[in-house]
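Asker: When the letters of the sequence shown are read in order and numbered with the working numbering, they come out as residues 4 to 264.
A single structure is presented below for examination.
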Amino acid sequence: MALVFVLWYSVAYFASIVSSTQAIECQGTARYTLTFLGEWTSQSHQHFPISAHFSTLVGCSHKTSYVMWTPGIKATTGVKDVAELGITGALNSEMDNEINLKKAYKRYQRIVFSGGTGTTLIPNIEVNSEYPLVSFITMIAPSPDWFVGVHDYNLCNTTTGKWLDSRTRDLPPYDAGTDSGPNFDSRDQITNPKENIHLLTNNTEGSFKGDKPVRRFGTFTFAQTYFNPATIQPPSNTGAACSVKQLGYVVFAMILVNFCL
């Protein structure tokens, strides 16, 4: 009897795991306004450079098969150009190619405020069930190859299946891994071979070295401004499917219970 209880408990446990791993796809089309708030000042960050500013803000909505940038990978030519020079041409071309491949949906860019502080808005950033992610990037200038941004940010709450109303992300500094200059105003020092994109911390030699954690350079806030449920489709079997391995555990446990009975 005790064995039967244990086996039925196992069935219930694995069934709960299966249920908890289901992801709910957001339906319809949503639009967001991205608000970039710059917080880079001589009071907030040491070694504040002359002519501190951010480059043109650039990004797109996309699906998981496209990764513009993420820590732990090499920067593309487009990301390198933005991080080192604030030039968006190559990155725009990369995104256009991904759009043609149906991996990205729409791209956006906007010239931002002058200086290290201010507010810039990009309206009508569109996402849908096929393209729920957004990635954006802007150069910290002047700098060797430093930038801030977000990558693969899902505007769909896959637990509820609802588009996020509003969400704010902090912007810590990243190194593109293409220039080894240690300071904001360092001369070009090409990194060969290229390093992976990585977070800059107070343990990094140069302008960020210090006793206190590096403060954020600003925030991105995505606020929903529009939702159209007209494009709602039946839930995807793939999106809600449970793990085959977990389902196998459940079936095996049920068979074992019946055998013991």
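The C-beta atom is built at its ideal place from N, Cα and C for all residues, glycine as well.
Every value quoted in this text rests on a predicted model; they were computed, and no experiment measured them.
Is the CB-CB distance between lysine 197 and threonine 181 below 9 Å?
Answerer: Going by C-beta atoms, lysine 197 is nearer than 9 Å to threonine 181.
Asker: Per DSSP, what kind of secondary structure is serine 96 in: helix, strand or coil?
Answerer: Three-state DSSP puts serine 96 in a helix.
Asker: Run through DSSP, which three-state label would alanine 107 get?
Answerer: Alanine 107 falls in the strand class under three-state DSSP.
Asker: Since leucine 37 is in the beta strand (DSSP E), which residue starts that stretch and which ends it?
Answerer: Leucine 37 -> beta strand (DSSP E) spans 32-42.
Asker: Determine, using beta carbons only, whether valine 151 and phenylalanine 57 come nearer to each other than 9 Å.
Answerer: For valine 151 and phenylalanine 57, yes; Cβs fall inside 9 Å.
Asker: Could you compute how far the alpha carbon of isoleucine 27 sits from the alpha carbon of isoleucine 200?
Answerer: One C-alpha to the other measures close to 31 Å.
Asker: Please return the same chain residues whose Cβ sits closer than 7 Å to the Cβ of valine 85, not counting the five positions on each side in sequence.
Answerer: Once the five neighbours on either side are set aside, the close Cβ partners of valine 85 are Ser58, Val61, Thr91, Leu94, Ile140, Met142 and Phe150.
Asker: According to the neighbour-count rule (16 or more other Cβ atoms, all chains shown, within 10 Å of its Cβ), is asparagine 205 buried or exposed?
Answerer: Classification of asparagine 205: exposed, given that the 10 Å Cβ count is below 16.
Asker: Please state if the CB of leucine 174 and the CB of arginine 219 are separated by a distance shorter than 9 Å.
Answerer: Yes, the Cβ-Cβ distance between arginine 219 and leucine 174 is below 9 Å.
Asker: Excluding the five sequence neighbours on either side, which residues of its own chain have a C-beta within less than 7 Å of the C-beta of tryptophan 166, listed in chain order?
Answerer: Closer than 7 Å at the Cβ level, and outside the excluded window around tryptophan 166, lie Cys29, Ala33, Leu158, Cys159, Gln227 and Phe230.
Asker: Find the nearest neighbour of valine 153 within the set Arg172, Pro147 and Ala78, judged by alpha-carbon distance.
Answerer: Residue Arg172 is the option with its Cα nearest to valine 153.
Asker: What residue range does the beta strand (DSSP E) around glycine 221 cover?
Answerer: It spans 221-231 - the beta strand (DSSP E) in which glycine 221 sits, taken as one unbroken run.
Asker: Mark glycine 119 as exposed unless 16 or more other C-beta atoms lie within 10 angstroms of its C-beta, in which case mark it buried.
Answerer: Flag for glycine 119 reads buried.
Asker: List, from N- to C-terminal side, the beta strand (DSSP E) runs of 3 residues or more that fit wholly inside the stretch 145-230.
Answerer: Whole beta strand (DSSP E) segments, 3+ residues: 149-157 and 169-173.
Asker: What's the call for leucine 124, buried or exposed, on a 16-neighbour Cβ count within 10 Å?
Answerer: The residue in question, leucine 124, is exposed, as its Cβ has fewer than 16 Cβ neighbours within 10 Å.
Asker: If we count the other Cβ atoms within 10 Å of its Cβ and call it buried at 16 or more, is glycine 41 buried or exposed?
Answerer: It is buried - the Cβ of glycine 41 has at least 16 other Cβ atoms within 10 Å.
Asker: In the DSSP assignment, the beta strand (DSSP E) including glycine 62 goes from what residue to what residue?
Answerer: Note, glycine 62: beta strand (DSSP E), 60-65.
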